[in-house]
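Input: a single structure, listed below in structure tokens.
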Amino acid sequence: MRIALFGPPGAGKGTQAQRLVDRHGLTHISTGEIIRAAIKADSPLGREVKTYANAGKLVPDAVVWKLAKQAIADVGHDDFILDGYPRTVQQAKWLTEFLDEHAAELDAFVSLVVPDDVIVDRLSQRRTHKETGENYHLEFDPPPDDVDPAMIIQRPDDRPEAIRRRLEVYKNETQPVEDYYRRRSTLVEIDGVGTFAEVEARINQVLEAAA
Ligand code: AMP
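Numbering of the sequence shown is given in our numbering, commencing with residue 239 and proceeding in unit increments.
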């Protein structure tokens, strides 16, 4: 199965991707995670992309495409879930061409629909474990007592200024990707408001119908 998970920042893509990985045995490909790992390692790639990512801006298309393409090739062009890619129409076009070359079209492009006010609340209350990358919500899903509070941080791009920027970037550059997949009839829209389990059940219903 080949799936892309789409939606605004804070839509729950990472959480749902992890659940789909566990249930369907897919490999999770998150360009955001690859980028954060490179920044943490202070690698040449990390130094190149740091200012974009920390400010909530998109990393240039060509740089991210190289990462995504490599990750897809590494899993033999199958059984993957893309999380956070594609984020521009150019990225989507490159992805289509590449998957077509390998006779490996996407089975579903799943878009999680979440209103802006819910997004801002989720992101501003989100905290992340420095080592594991696990996400928490200060009110609804706080870090458990046995987690060292010193390991819990706020992602630089979850600060208010960066959140506003990410939503703006999403509307201007990323949302048009939805129309691209709507025209290709691969788009599935899912209500992303509710508990993790509710949203997961909605996604699974659609994937099982498509299988
Ligand atoms: P995420 O964890 O998916 O929200 O990604 C974190 C940051 O990584 C984004 O705000 C961008 O700076 C960068 N990034 C991740 N995926 C992409 C992409 N497909 N295109 C451009 N930038 C990306």
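Backbone N, C-alpha and C fix where the C-beta goes; we use that ideal spot for every residue, glycine too.
Next on the checklist: Below 8 Å, is the gap between the Cβ of Tyr290 and the nearest heavy atom of the ligand AMP?
Outcome noted: yes
Checklist entry - From which residue to which residue does the alpha helix (DSSP H) around Asn292 run? => result 282 to 293
Checklist entry - Does any heavy atom of the ligand AMP sit closer than 8 Å to the C-beta of Ile441? => result Incorrect: Ile441 has no Cβ contact closer than 8 Å to the ligand AMP.
Checklist entry - In or out: Gly432 buried (at least 16 other Cβ within 10 Å) or exposed? => result exposed
Item to check | Arg274 burial status per 10 Å Cβ neighbour count (16 or more: buried) | outcome: Arg274 should be labelled buried.
Item to check | Close-in-space but distant-in-sequence residues of the same chain around Ala255 (CB under 6 Å, 5 per side omitted) | outcome: The residues are Leu243, His266, Ile319, Asp321.
Checklist entry - Using a threshold of 8 Å, is the CB atom of Glu271 nearer than that to any non-hydrogen atom of the ligand AMP? => result yes
Checklist entry - When burial is assigned at 16 or more other CB atoms within 10 Å of the CB, is Arg365 buried or exposed? => result buried
Checklist entry - Asp355: buried (16+ other C-beta within 10 angstroms of its C-beta) or exposed? => result Under this definition Asp355 is an exposed residue.
Next on the checklist: Between the alpha carbons of Phe448 and Arg257, how many angstroms are there, rounded?
Outcome noted: Residue identity check: residue 448 is Ala in the sequence provided, not Phe. Their backbone Cα atoms lie some 18 Å apart in a straight line.
Next on the checklist: Please state whether the Cβ-Cβ distance between Asp386 and Asn292 is less than 9 Å.
Outcome noted: no
Item to check | Distance cut-off 8 Å: Ser349 Cβ against heavy atoms of the ligand AMP | outcome: no
Next on the checklist: Using a Cβ-based criterion (distance less than 8 Å to any ligand heavy atom), does Thr326 qualify as near the ligand AMP?
Outcome noted: yes
Checklist entry - For Val426, which of Gln329, Leu296, Leu350 has the nearest alpha-carbon? => result Ranking Gln329, Leu296, Leu350 by CA distance to the CA of Val426 puts Leu350 first.
Checklist entry - Can you tell me where the beta strand (DSSP E) with Arg365 in it begins and where it stops? => result In the DSSP assignment, Arg365 falls within the unbroken beta strand (DSSP E) covering 364 to 367.
Checklist entry - Between the segment 337 to 349 and the segment 413 to 424, do three or more beta carbon pairs fall short of 8 Å? => result Contact between the segment 337 to 349 and the segment 413 to 424 is present, because at least three Cβ pairs lie under 8 Å.
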